[in-house]
Amino acid sequence: MTQWSGYLGLILQGALVTIELTLMGSVLALIMAFLAGMGRLSRFFVLRALATAYIEFFRGTSIFVQLFFAYFVLPLIGLELTPLQAGVLALGLNVGAYAAEVVRGAVQSIGREQHEACIALNLGRWQGLRHVILPQAFLVMLPTFGNNAIELLKATSVVSLISLADLTFQAQVVRAQTGNTMVPFATILVIYFVLALLISWGVRSLERRMARGLDGVRV
Amino acid sequence: PGSADDSKLEQLKGQGFARVAIANEPPYTAVAADGKVSGAAPDVAREIFKRLGVADIVASISEYGAMIPGLQAGRFDVVTAGLFMKPERCAAVAYSEPVLCDAEAMLVKKGNPKGFKSYEDVAKDTSATIGAPGGGTEEKLALNAGVPRERVIVVPDGQSGLKMVQDGRIDAYSLPVLSINDLMKKANDPNLEVIAPVQGAPVYCDGAAFKKGDEALRDAFDVELVKMKKSGEFAKIIEPYGFSAAAAMSTTRDKLCAAK
Amino acid sequence: MSAPIIKVDAISKSFGAFKVLDGLSMQVMPREKLALIGPSGSGKTTILRILMTLERIDGGYIQIDGEQLYHMERNGQLVPADERHLARMRQKIGMVFQLFNLFPHKSVIDNVTLAPMLTKGMPRPAAEKRAMELLDMVGMADKAKAMPAQLSGGQKQRVAIARALALQPKIMLFDEVTSALDPELVEEVLNVLWRLCAETDMTMLLVTHEMGFAHDFADRVLFFDRGKIVEEGKPDEIFRHPKQERTQGFLKKIIAAGHRV
Amino acid sequence: MSAPIIKVDAISKSFGAFKVLDGLSMQVMPREKLALIGPSGSGKTTILRILMTLERIDGGYIQIDGEQLYHMERNGQLVPADERHLARMRQKIGMVFQLFNLFPHKSVIDNVTLAPMLTKGMPRPAAEKRAMELLDMVGMADKAKAMPAQLSGGQKQRVAIARALALQPKIMLFDEVTSALDPELVEEVLNVLWRLCAETDMTMLLVTHEMGFAHDFADRVLFFDRGKIVEEGKPDEIFRHPKQERTQGFLKKIIAAGHRV
Amino acid sequence: MEWDWNFVWQIMPTLIQGVKITILATLLGSVLAAVVGLGIALARRSPNKALSRIVGWAAEFIRGTPLLVQLYFIFYVLPDIGILLPPLVAGVIGLGLHYGTYTAEVYRAGIDNVPRGQWEAAKACNLSARQTWTHIIIPQAIPPMIPALANYFIAMFKETPLLSAITVLELMNQAKSVANTYYRYIEPITLVGAFFLAISLCSVVLLRWLERRYGKIER
Ligand SMILES: Nc1ncnc2c1ncn2[C@@H]1O[C@H](COP(=O)(O)OP(=O)(O)OP(=O)(O)O)[C@@H](O)[C@H]1O
Ligand SMILES: Nc1ncnc2c1ncn2[C@@H]1O[C@H](COP(=O)(O)OP(=O)(O)OP(=O)(O)O)[C@@H](O)[C@H]1O
Ligand SMILES: [Mg+2]
Ligand SMILES: [Mg+2]
């Protein structure tokens, strides 16, 4: 059964693509989350409206539709993307819209009194945000960000529908070539789970590191 | 004439590879344990592009349904996936001369309990369901034979179709003969039976499918294809996979695209 | 007689349909220690928050140190102040809150140095030197490296006072700075206020329910009710011989509740 | 002399590694009004919660009304009490919390009738009649249909008292029932306690920081520190002539903080 | 490619057919998820350590792996051990199990959010454990959970396209089949996006209402 080891290699290649997608998607999602999350809290109507439109649109239409659009429709209007780019774009924008609400909620969860202390100390808007509000809010966001990252990891499985050779896709290939269903799917379930555990472990240890000395602060 | 078209080939030569869409369906396509893509269709394409001066092909596996839109969207330069020539498709893409020919087959339970011989038989039995790839030839044949939409189950891939027949979820699963044979070989299940060829279903041939507008590239491809057919190299490539070179040489694109 | 450092002129303030302040006027002289007392909801906190520019006013004028607070001159006209004007005016004012509002993610000393470094561009060593002096004054020098979560309420409040002092405001506002503390911890904070009162020449406005402290500490007491100053005067006058019925009733209840006057 | 209604015998209680109570003993006579005072963290709340069976004890015995609270006899042996025994013992005891803990999803009258109807199977009309009497006693009859969220703190606390009384306990425990209230609202709750004290023959244990009230109300005062009773006696003795240094220090601080004794 | 309104009208009935299946799957999946979630939440609170541990890990596993792969598993692997489910049933079970692990968290948070004082007051009122659950805890825990539960059901709605992998003819599958028949992608995919967006926007309104109505208990 030398064959299996070869196909395992194929699946591991898929795992690599999945990890790549998850990482790049997370970075994009993080950027979008802060842009749109802070946008929703802006004083300027235009920014608020833009952020709200982005969030509602990407949360409202299914990730599948976004993926198909990025892959099939954008090229028709002249925006040529590699499958990887299309995948990262759709996943990052989609998860970013959810995470934006996390950013907004976390910033708002920092009590009004912290904002007022900033005013009383004459800190500027940006100074207060940068030194007082965001450091505290980030700690509130972290656990939910961890969940979002796991959501993103799982959502990468749908990119197999646009022929990106991720874990799920490779499992399909192995299945077609070997005629065995159980083995490839059980293997990738375990791999996904290990990746998810890694994410939540990483986020939790980051959280512990950042929360040092803050006992009693967390809401 | 068509200098814009010529540039496509030049461009491919320049980048050193052509992007090819293939299906996840042996023996049209095969992926070895080391990840190397082979199979009848990609092997032919690889050889011809080499002769055209394009060093290699980069194959990406795609769903059938995504192939033509992907081609139109510029995701691939060519589709070599057992995408059979039919008038509607000929209108959507630019085909090369025929490459791989195959008749249709059905996978059923041992003894063919419902006695299917043709798609019309499936249509007549009001309790019968048939599986086929979404957007594939078999789906259209079944629908045209009068099987109502809700009895034509869209099955994502061959293994799923095989499994669904084994589990009794569908009464028949239809694919080209060689694909079904390959599935049978892997499954090695004595409780299954192949009906081939399906009566009344034409023998279809696929060709390499190019984007409309890339006719110059297609023509260049055809020139090499015809040469290979004549020299017998063509047969050497495809016959180990079970395809008949004679069948492909006995017909032409024009005939197939005009067929009703 | 010198000019008042705070001059509140017929200001009004509503929350929705509810009018909290209605044409309130008052004046505070430099170095004066003022106690604001009155029943819950009478608008004491609101007036302090307005002076700290945490709320906007709906009408009227406030002058701080001879300058308009919520207005500024442009082309000879008084127009609503912009953020830059407000930021400049805020340099004169500091505030200490009932619930301390320390920054929980920063150590005690970082709480005190943050604002001087950011708003005055003070270099870190200078800011830390000054912060240690202030922490020493409030008796918290030994906890400089601690995080707020590790402090008792009284300790937190003392750090909050040091933090407000670090910007060297001319006017300090204290809003019930002891009422969130355990009774035993109240004393240490009041002691700091006493020292502050004796050692600096800041103008101080203090909202409190500690009648005894208000009596001993203040130069003048204002009794608020429903957004108006009902009675004002020297502490002895107000606490021993209140003229208004409302003041009498309030003090009687407070005494019945066990507070010493 | 009759037998004590509460007999606490060398109990100990730890939270993790921290020993809150260590071999504490005390006795309370029927109808006695007891005030528990002492610094924050000294274990006053803990002893009340133990009597209410909200915590378990690690060692020692408690007798209520002649019966073991945390133990019961089985085959002539004392074994840890099961839930049924605890439920039966709890009928003798009621508790009012610092933060009221009213059921927010039930109206005032439903808060009061719930327990009698569920635990004693009292029919609704009888339970409501009795509830209205109790609400009348605490001056809340006119708010019977209101939801807790619509009440002030003092009103909530009065409802909470009525709720605890509805089960007709022999012993009532009050844990700082006024310290979450605005100073002006404290009086109305204390008035209810006065009435209760005069009109019923319940045994009452009261944890409070209102020294004046403790003085006037209690038959006996216990001063707690670090989980021990440091001093006990008649109110006049404790407040006017405390013998222990710790008690003197505590009372001095409280007085400095502006509380009347 | 031009937008073709005639084509839109032509395919509309087919797509509406798909919408019906999508909604049906969501409704059934929601009911199952609500029940499964409660089961998991209670099992995890169970004093039986083995039960709570096993259910905990199983839930963690299901939550950490993609629904798509789980659906393949349920549909293609379970028949090997004699469990043969019709596509829609398999899909609903997949959705219900997967989202049940999410709703379990909602239940847990809802129960934990009832302040400790309420448990204690119930004890001081001498209520039994059952009376405490039925009269005090559940009535306070459920209303604040409703918006969060609804949120997950809306998310589930947007994941129904996964069911196409197991041959359920829901909206996305219908659209793909239409697209494959006519080689036109823009109209069907855009329409699917529009359907999702329309239903999502409606559900946002519904959610806001639910939040206002049940979001918080006044204390
Ligand atoms: N942001 C706000 N929105 C609505 N009403 C408010 C707001 N802030 C204060 N109020 C109302 O304004 C009135 C005055 O409030 P303020 O806080 O100034 O009273 P106070 O005198 O400080 O009372 P306390 O002694 O309880 O602190 C109160 O009735 C209060 O409910
Ligand atoms: N659940 C708990 N876990 C850990 N420590 C606790 C717990 N409950 C109480 N303690 C600790 O036990 C000690 C005694 O607490 P207790 O609440 O009985 O004090 P107290 O006398 O009522 O104080 P206060 O006047 O502040 O209410 C305190 O140090 C407290 O931190
Ligand atoms: Mg106030
Ligand atoms: Mg206590």
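Residue numbers (my numbering), protein chains in the order written: chain C, -11 to 207; chain P, 1132 to 1391; chain L, 2 to 262; chain Y, 2 to 262; chain S, 115 to 333. By construction, the Cβ of each residue, glycine as well, lies at the ideal position given by its N, Cα and C atoms. As the structure is a computational prediction, the values presented were derived from the model and not from experiment.
query = Which same chain residues, not among the five before or five after I338(S), have their C-beta less than 8 Å away from its C-beta?
reply = Because chain S in this structure spans residues 115 to 333, residue 338(S) falls outside the shown range and cannot be described.
inquiry  = What residue range does the beta strand (DSSP E) around I197(S) cover?
reply    = Neither: I197(S) is in no beta strand (DSSP E) and is coded neither H nor E.
inquiry  = For Q160(C) and L1387(P), what's the separation of their Cα atoms in angstroms?
reply    = In a straight line, the C-alpha of Q160(C) is about 32 Å away from that of L1387(P).
Rounded straight-line distance, which links the Cα of R85(L) to that of A4(L) = Cα-Cα distance, rounded: 25 Å.
query = Just to confirm, does F16(L) get its C-beta within under 6 Å of one of the non-hydrogen atoms of ligand 1?
reply = Look at F16(L): its beta carbon is less than 6 Å from one of the heavy atoms in ligand 1.
request  = Inspect the CB distances between the segment 313 to 321 of chain S and the segment 239 to 251 of chain S and report whether three or more fall short of 8 Å.
outcome  = Between the segment 313 to 321 of chain S and the segment 239 to 251 of chain S there are fewer than three C-beta pairs closer than 8 Å, too few to call the two in contact.
query = Does Y299(S) get closer than 7 Å to chain C when you measure Cβ to Cβ?
reply = Closer than 7 Å: yes.
ask   = Any C-beta of chain B sitting closer than 7 Å to the C-beta of S108(L)?
value = No chain B is present in this structure, whose protein chains are C, P, L, Y and S.
query = Counting pairs of beta carbons, one from the segment 185 to 193 of chain Y and one from the segment 108 to 115 of chain Y, are three or more of them closer than 8 Å?
reply = With a cut-off of 8 Å, the segment 108 to 115 of chain Y and the segment 185 to 193 of chain Y do not count as touching, because too few Cβ pairs lie within range.
message = Any beta carbon of chain Y sitting closer than 7 Å to that of K254(L)?
response = Proximity of K254(L) to chain Y, defined by a Cβ-Cβ separation below 7 Å, is satisfied.
request  = Select from G154(Y), I162(Y) and P126(Y) the residue whose C-alpha is nearest the C-alpha of L135(Y).
outcome  = Out of G154(Y), I162(Y) and P126(Y), I162(Y) has the C-alpha closest to the C-alpha of L135(Y).
key: Strand pairing of L223(Y), partner residues [DSSP]   = Looking at the DSSP assignment, L223(Y) forms a beta bridge with L37(Y) and E233(Y).
request  = With a floor of 3 residues, list each beta strand (DSSP E) that falls wholly inside the segment 134 to 159 of chain S, ordered by position along the chain.
outcome  = Within the segment 134 to 159 of chain S, there are no complete beta strand (DSSP E) runs of at least 3 residues.
request  = Helix, strand or coil for I188(S), going by three-state DSSP, please let me know.
outcome  = When DSSP states are grouped into helix, strand and coil, I188(S) belongs to the helix group.
query = Does at least one heavy atom of ligand 5 sit under 6 Å from the Cβ of T46(Y)?
reply = Summarising the ligand content, the structure contains ligand 1, ligand 2, ligand 3 and ligand 4 and does not contain ligand 5.
request  = Would you list the residues sitting across from H263(L) in a DSSP beta bridge?
outcome  = In this structure chain L extends from 2 to 262, so residue 263(L) is not present and cannot be described.
message = When you measure from the CB of G250(L) to every non-hydrogen atom of ligand 1, does any distance come out below 6 Å?
response = G250(L): no, Cβ never under 6 Å from ligand 1.
request  = Please classify D1256(P): does DSSP put it in a helix, a strand, or coil?
outcome  = Note: D1256(P) maps to coil in three-state DSSP.
key: C-alpha gap between R326(S) and I51(Y), whole angstroms   = Between R326(S) and I51(Y), the alpha-carbon positions lie close to 40 Å from each other.
8 Å CB neighbourhood of H210(Y) in its chain, flanking five on each side removed = So the qualifying residues of the chain are I38, E177, S180, I255 and H260.
query = Is the beta carbon of V21(Y) within less than 6 Å of some heavy atom of ligand 2?
reply = Yes - ligand 2 has a heavy atom lying nearer than 6 Å to the Cβ of V21(Y).
request  = Please confirm if the segment 63 to 72 of chain C is in contact with the segment 48 to 66 of chain L, defined as three or more CB-CB distances below 8 Å between the two stretches.
outcome  = Touching, no.
request  = May I ask you to check if the CB of S43(Y) is nearer than 6 Å to at least one heavy atom of ligand 2?
outcome  = Remark: the C-beta of S43(Y) is in contact range of ligand 2, defined as less than 6 Å to any heavy atom.
request  = Can you grab the Cα-Cα spacing for the pair E228(C) / L117(C), in whole Å?
outcome  = A query on residue 228(C) cannot be resolved here, the shown segment of chain C reaching from -11 to 207 and no further.
Rounded distance between the beta-carbons of A153(C) and L48(C), thought under 8 Å = The identity of residue 48(C) in the sequence shown is Gly, whereas the question assumes Leu. 30 Å between Cβ atoms; not a contact.
As assigned by DSSP and simplified to three states, the class of P1321(P) = In the three-state DSSP reduction, P1321(P) falls in the coil class, being neither helix nor strand.
message = Quick check on DSSP: helix, strand or coil for F1365(P)?
response = F1365(P) carries a helical assignment under DSSP once its states are collapsed to helix, strand and coil.
inquiry  = Please state the DSSP three-state secondary structure of I98(C).
reply    = In the three-state DSSP reduction, I98(C) falls in the coil class, being neither helix nor strand.
request  = In the DSSP assignment, find the beta strand (DSSP E) that holds S153(Y) and state where it starts and stops.
outcome  = Here S153(Y) belongs to no beta strand (DSSP E), and DSSP marks it neither H nor E.
ask   = Using the beta-carbon of each residue, which ones in chain P are nearer than 7 Å to G(-6)(C)?
value = In chain order: A1164 and D1165.
query = Name the chain S residues that come within less than 7 Å of I1153(P), Cβ to Cβ?
reply = Below the 7 Å Cβ cutoff, chain S contributes no neighbours of I1153(P), its closest Cβ being approximately 17 Å away.
ask   = How many Å lie between A1197(P) and K1139(P) at the Cα?
value = A1197(P) and K1139(P): Cα-Cα distance of roughly 22 Å.
ask   = Skipping 5 residues on each side, what residues in its chain have a beta carbon closer than 8 Å to that of I(-1)(C)?
value = Excluding residues within five positions, the ones whose Cβ falls inside 8 Å are L155, Q158, A159, V162, P172, T175, I176 and I179.
message = Tell me the rounded alpha-carbon separation between A128(L) and R91(L).
response = In this structure, the CA atom of A128(L) is about 19 Å from the CA atom of R91(L).
query = Any idea which residues DSSP pairs M173(Y) with across the strands?
reply = G95(Y) and M205(Y).
message = So, with DSSP's three-state summary, where would you put S151(C)?
response = Shown here, S151(C) sits in coil according to DSSP, grouped into three states, outside any helix or strand.
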